[in-house]
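Student:
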C-alpha cells in the first residue's frame, strides 16, 4: 500500500519536514514580533522565506547567466577551432575517417547486441518524453505541497500538543520519550548540517572562482546543497570534470592542469570540513563513522528515498543509542562509536 501511495505520500512528508523546520520561525514571529494571529504569522513567515529565496536567486541569476553564456561561447569556439592533430595521430585520424565512410547503419543494427540495446532504449526514450510532458502534473504536486505546508504550520502547535492522545495509554509514556529524543536529535543534526553545508558551499564557490572554473559560483553552491546529505558532494565531481574540459577549451591550458586544480579544491575543502567544520559544529551529534553513515544512508534511502536519506543519520543514531541502552544495558549517555 505504501508503494502504491508513494506519489501521494511524498508531498505530504516533504511538507511535514518543512513545517517541522519552519515552525520555530513561525513561533518567533507570533511571540517575539507580537503577531498574535497564527494564520497571519504563517503568511508572514512564508513571505519572508520565499522573499529571501527569490532575492538570492535574483542576485545569483545574472552571475550564473554570464558564466553559462561564457561557457557556451567557449564550447562553440572550441568546436569551431578543434585541432585533431593535438589529440590524434595522422594514422589514427585516417582510420577514424575510413571507419566513418564505411559505416553501415543496417549492418550495425543486424548485430543482436545492438538490436537489444535499441529495443531497451526505445521504451526509456518514450518514458522520458512522456515525463517531460507531465510538467503540469508536477506543478499540481508542488501546489498541493504548498497547501500541506500552509495548513501544517497553522495546526503545528495543536499537533505538537495533542498527538500523544492518539497513543494508547500503556505506550504513551514511552512514545513521548522517544519523540522528545527524536526532536532533540533532529534539531541538533539539522542545525549543524545546514551550517556545515552553507560554509562548504561558499568555500567551493571561492575555490572554483580562484582556479577560474566556468560557473564556479553556481557549482560551488550546488555542491553545498548536496552536502546536506553526507558524502553526496561526490555527485558534483562529474559536472566539475566537464567544466574543466570547457575551461581547458577556453584558455588553452592543458586538461590535466585544470583537473589537478579542481582536485586540489576538493581536497582542501574536504580537509577543512573533516578536520575543522564537522568536529567544531557537529561535535558528536551522530557519533557515526563513515561505514555506518554509508550503510545508514543506503538503507534509509532504499526505504524512503530522498526523505529517508535526510533523516537517516539522526534516526540511526537514536536507534543505536536505544539498542545499547535497552538491549545491551549500557548507560544511555554512552557515546556511539563505529
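Numbering (my numbering), first residue to last: -7 to 330.
Cβ coordinates follow ideal geometry from the N, Cα and C atoms, glycine included.
Please go through the same chain and pick out, in chain order, the residues whose beta-carbon is closer than 6 Å to the beta-carbon of residue 250, but skip the five residues on each side of it.
Tutor: Hits under 6 Å: 236, 239, 240.
Student: Just tell me which of 296, 289, 196 has its CA closest to the CA of residue -5.
Tutor: Answer by Cα proximity: 296.
Student: Around the C-beta of residue 55, are 16 or more other C-beta atoms found within 10 angstroms, so that it is buried, or is it exposed?
Tutor: With fewer than 16 Cβ atoms within 10 Å of its Cβ, residue 55 is classed as exposed.
Student: Alpha carbon to alpha carbon, how far is residue 39 from residue 18?
Tutor: Whole-angstrom Cα-Cα distance: 11 Å.
Student: Looking at residue 177 and residue 307, is the spacing between their C-beta atoms short of 9 Å?
Tutor: Going by C-beta atoms, residue 307 is nearer than 9 Å to residue 177.
Student: Mind checking residue 311: buried by the 16 CB within 10 Å criterion, or exposed?
Tutor: Result: exposed.
Student: For a test of the three-state rule: what should DSSP assign to residue 272, helix, strand or coil?
Tutor: If DSSP states are grouped into helix, strand and coil, residue 272 belongs with the helices.
Student: How would you label residue 7, buried or exposed, when you count the other beta carbons within 10 angstroms and need 16 or more for buried?
Tutor: Buried, by the Cβ-count rule.
Student: May I have the straight-line CA-CA distance separating residue 209 from residue 216, to the nearest angstrom?
Tutor: Rounded to whole angstroms, residue 209 to residue 216 spans 11 Å at the Cα level.
Student: Where does residue 304 land, buried or exposed, given buried means 16+ other C-beta within 10 angstroms?
Tutor: Flag for residue 304 reads buried.
Student: Just the Cα atoms here: how many angstroms apart are residue 320 and residue 309?
Tutor: Roughly 15 Å separates the two Cα atoms.
Student: Would you check if the distance between the CB atom of residue 146 and the CB atom of residue 30 is smaller than 9 Å?
Tutor: Contact: yes.
Student: Taking the C-alpha atoms as reference points, what is the distance between residue 148 and residue 226?
Tutor: The straight-line gap from Cα to Cα measures roughly 36 Å.
Student: Does residue -2 come out as helix, strand or coil in the three-state DSSP assignment?
Tutor: It is helical.
Student: Quick one, which of 300, 289, 194, 86 has its alpha-carbon nearest residue 265's?
Tutor: Looking at the Cα atoms, 194 is the closest of the given residues.
Student: Are the CB atoms of residue 192 and residue 261 within a distance shorter than 9 Å?
Tutor: It is a contact, given that the beta carbons lie within the stated cut-off.
Student: Count the other CB atoms, across all protein chains shown, that sit within 10 Å of the CB of residue 158; report buried if there are 16 or more and exposed otherwise.
Tutor: Exposed, by the Cβ-count rule.
Student: Are there 16 or more other CB atoms within 10 angstroms of the CB of residue 294, so buried, or fewer, so exposed?
Tutor: Exposed is the call here.
Student: What residue ranges within the stretch -7 to 54 form continuous alpha helix (DSSP H) runs of no fewer than 4 residues, ordered along the chain?
Tutor: Here the runs fully enclosed are -2 to 23.
Student: Can you tell me whether residue 135 is buried or exposed, with buried defined as 16 or more other CB within 10 angstroms of its CB?
Tutor: When all chains shown are included, residue 135 counts as exposed.
Student: Skipping 5 residues on each side, what residues in its chain have a beta carbon closer than 6 Å to that of residue 196?
Tutor: Same-chain partners within the cutoff: 212, 215, 261.
Student: Taking the beta carbon of residue 322 as the centre, do at least 16 other beta carbons fall within 10 Å, making it buried, or is it exposed?
Tutor: Classification for residue 322: exposed.
Student: Would you tell me roughly how many angstroms separate the C-alpha atoms of residue 232 and residue 205, rounded to the nearest one?
Tutor: Their Cα atoms are separated by approximately 8 Å.
Student: Nearest to residue 1 by alpha carbon, out of 300, 36, 166, 229?
Tutor: Out of 300, 36, 166, 229, 300 has the C-alpha closest to the C-alpha of residue 1.
Student: Taking residue 226 as part of the alpha helix (DSSP H), name the residues at either end of that continuous run.
Tutor: Looking at the DSSP string, residue 226 is not in any alpha helix (DSSP H), and its letter there is neither H nor E.
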